[in-house]
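What follows is a set of notes on a single structure, which appears directly below.
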């Protein structure tokens, strides 16, 4: 396969740009303690899991629905002052050369390190190939077009310089649950890797069926246990992940945790609709992340954005089946949560159990603010627009509590389509911390069934309505 453009002539140029970027962000976005004090790889999974806590090559389409996305407006609004959407301080052009390779770059194939691709365990070969590539300057690690079986594995940085991982084949997870005894929350982890490009059009397959069958969400007689996230990027910086298929995750498909400056594009993320807790793309404690042109259909949220995440952009997203695009859940176990600067611009959701959702537990604190959902098409979606501040994903009822995560400055603009539920707009906000600065602009949602009209339920919310809004908050 033809190799690509040369790497940075001078890595100092990258670090200079990143430092400038960091300065701009510090000057324009109020600071807060994004990461938890105990910032270990397992900490964040307590809330995300929903358990125990209130506890050949694929050419990906550039635009999933080009006719739709080219016809919708560009998001300019006279009502921008209702929400102080920051200037796009994330200049993702700095990534254009990250991890790209030249003909002089050294290539390492997992096959050269003993990978057999015959159904036997290739974990050691992958580990050795990574060590060699990571310790060489401007290297390329190649997974050829074969099917490789690997057990849980961690690829650790920092590496010597820019690194590219080209996945042409399929990487499949061991389905022997005893292989995960040391860490039952992760399968493939990339940690502390900088200036890293992952691409190739191949497949990462979590082989999750055995985990789904043993989930308490499918079998109430079984105890609730954790399951691995298929692919985790932990504390990575200047990261590009593109042109991959990620499927059949044990639990979540791909998670970005504690990372900065991330660009994701042209991913196809799929699992059966009934697979439990299989979020597509999960973002936690991550700043400056752009997700574009992705097709996601799973058994849980297509995209979930949780505490510590800031300046998150998602554009041209196709979602369904699944639970929609969610901010949260936030505030479980009386925790403090912060999410800000989220823009979802251009999405089509089909047959999902929610549309665009903000979900918080009672008893939490902190805030979710400066959020924009715009240019979104709903097709037979239940709860197309929902803020749920009484979220309770546990068997026993959640007790009523006064504290709450504050939800404020949220724009819903140019959202149209059909609702599978009678209630198309639901703002179920906190009694003690009502939702503030909510704007509905040019929103039109009709009942999928023609025999009844869609309605809006709006409790404890300060809402402005501009243009044609249907249904309308009373």
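In UniProt numbering, the protein residues as written are 1 to 474.
Each residue gets a CB set at the ideal place from its N, CA and C atoms; glycine is no exception.
All values reported here derive from a predicted model rather than from experimental measurement.
Just checking, does the region 125-140 make contact with the region 150-159 on the three C-beta pairs under 8 Å criterion? yes
Within 10 angstroms of its Cβ, does residue 238 collect 16 or more other Cβ (buried), or is it exposed? Residue 238 should be labelled buried.
Starting from the Cα of residue 391, find the closest Cα among 342, 377, 327 and give me that residue. With distances taken between Cα atoms, residue 391 lies closest to 327.
Could you tell me the boundaries of the beta strand (DSSP E) in which residue 199 lies? 194-199
Return the chain-ordered ranges of every beta strand (DSSP E) run that is complete within the region 436-461 and spans a minimum of 3 residues. 455-459
Could you tell me which of 400, 429, 458 sits nearest to residue 406, measuring between CA atoms? 429
So, under 8 Å CB-CB, residue 331 and residue 296 are touching, yes? Tell me the CB distance rounded to an integer number of Å. With a Cβ gap of about 25 Å, residue 331 and residue 296 do not count as contacting.
Using the DSSP secondary-structure output, state which residues sit across from residue 366 in a beta bridge. Under the DSSP definition of a beta bridge, residue 366 partners with 337.
For residue 181, count neighbouring Cβ atoms within 10 angstroms of its own Cβ and tell me buried if that reaches 16, exposed if not. exposed
Contact check, residue 441 vs residue 410, beta carbons under 9 Å: no
Taking 7 Å as the limit between beta carbons, can you name the residues of its chain near residue 212, skipping five residues before and five after? 218, 275, 276
Using a 10 Å radius around the Cβ and a threshold of 16 neighbouring Cβ atoms, would you call residue 280 buried or exposed? buried
Mapping DSSP to helix, strand and coil, what is residue 232? strand
Quick check on the burial criterion: 16 or more other C-beta atoms within 10 angstroms. Buried or exposed for residue 228? By the neighbour-count criterion, in which 16 or more other beta carbons inside 10 Å mark a residue as buried, residue 228 falls on the buried side.
With DSSP collapsed to three states, give me the class of residue 405. Residue 405 falls in the coil class under three-state DSSP.
Mind reading off the beta-carbon distance from residue 248 to residue 206? Whole number of angstroms is fine, and I expect it under 8 Å. 5 Å
Per the DSSP calculation, residue 242 is bridged to which residue(s)? 265
Residue 128 (DSSP reduced to helix, strand or coil): helix
Please list the terminal residues of the continuous alpha helix (DSSP H) segment that includes residue 213. Under the DSSP assignment, residue 213 falls in the alpha helix (DSSP H) whose first and last residues are 209-213.
Would you check if the distance between the CB atom of residue 421 and the CB atom of residue 382 is smaller than 9 Å? yes
Where do the ends of the beta strand (DSSP E) carrying residue 309 lie? 309-319
Starting from residue 110 and walking both ways along the beta strand (DSSP E), at which residues does that stretch end? Residue 110 -> no beta strand (DSSP E), and no H or E assigned at all.
Out of 271, 196, 215, 193, which one is the CA nearest neighbour of residue 230? Among 271, 196, 215, 193, the Cα nearest to that of residue 230 belongs to 271.
Distance, residue 305 Cα to residue 388 Cα: 15 Å
If we count the other Cβ atoms within 10 Å of its Cβ and call it buried at 16 or more, is residue 135 buried or exposed? exposed
Per-residue DSSP class, three states only, for residue 123: helix
Could you tell me which residues DSSP puts in a beta bridge with residue 252? Note: residue 252 sits in no beta bridge, so no partner.
With a cut-off of 8 Å on the beta carbons, I'd call residue 414 and residue 386 a contact; round off their distance for me. Rounded, the Cβ-Cβ distance is 18 Å, inconsistent with contact.
How is the beta strand (DSSP E) around residue 294 delimited, first residue to last? 287-297
Check the C-beta distance from residue 292 over to residue 255 and give it rounded, since I have them as a contact under 8 Å. Incorrect: roughly 18 Å between the Cβ atoms, too far for contact.
Are the Cβ atoms of residue 290 and residue 341 separated by less than 9 Å? no
Give me the Cα-Cα distance between residue 14 and residue 437, rounded to the nearest whole angstrom. Interpretation of residue 14 is limited by its pLDDT of 48, a score under 50 that renders its predicted location unreliable; no figure is taken from the coordinates.
What are the boundary residues of the beta strand (DSSP E) that includes residue 147? Segment 147-150, the beta strand (DSSP E) holding residue 147.
Suppose contacts are defined by Cβ-Cβ distances below 9 Å. Is residue 400 in contact with residue 362 by that definition? yes
For residue 359 versus residue 317, is the C-beta spacing smaller than 9 Å? The answer is no: Cβ separation not under 9 Å.
Short of 7 Å in beta carbon distance, which residues of its chain neighbour residue 468, apart from the five on each side in sequence? Order them along the chain. 442, 444
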